[in-house]
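> Residue numbers (the numbering used here): 148 to 268. Okay, handing you the structure first.
Below, the structure written as structure tokens:
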């Protein structure tokens, strides 16, 4: 019985290995199709090797993640700055007009150019 089970496992081993290789090849082909424009930009051969596809995918993801983190920081800064301005304007609304004008000018002198346009009444 053990010999029979061992032989059965030995027969299945190549089939399982082929299925694994087919999955890997299918995924690499999908990556190649998804990143086709990237390959054109880098002037790779029309049929790049699997290693080329994997390397380009890693580079693309690294660039994408680096760009995304920069956008996130910038977006968080803008969001925080906008909230601060709104809170400040709420505070200013309780102040007299002369003091409001002085404080608004001071805020504008510290703000970014894109934010200055939003604050001008």
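Quick reminder that beta carbons are idealized off the backbone N, C-alpha and C, glycines included. Since the structure is predicted, the reported quantities are computational estimates derived from the model, not experimental observations.
How would you label residue 268, buried or exposed, when you count the other beta carbons within 10 angstroms and need 16 or more for buried?
Against the chain shown, residue 268 aligns to sequence position 121. The pLDDT assigned to residue 268 is 47, lower than 50, so where the model puts this residue is not dependable, and the model offers no usable value.
> Are there 16 or more other CB atoms within 10 angstroms of the CB of residue 182, so buried, or fewer, so exposed?
Looking up residue 182 in the chain shown gives position 35. Buried, since its Cβ has 16 or more Cβ neighbours within 10 Å.
> From the DSSP output, in three-state form, read off residue 243 for me.
Your numbering for residue 243 matches position 96 in the chain shown. Of the three classes helix, strand and coil, the one that applies to residue 243 here is coil, per DSSP.
> Determine the burial state of residue 253: buried for a count of at least 16 other Cβ atoms within 10 Å of its Cβ, exposed for fewer.
The count along the chain shown starts at 1 and reaches residue 253 at position 106. Burial call: exposed.
> Could you compute how far the alpha carbon of residue 153 sits from the alpha carbon of residue 170?
Residue mapping note: residue 153 aligns to position 6 of the chain shown, counting from 1. Residue mapping note: residue 170 aligns to position 23 of the chain shown, counting from 1. So the two alpha carbons sit approximately 26 Å from each other.
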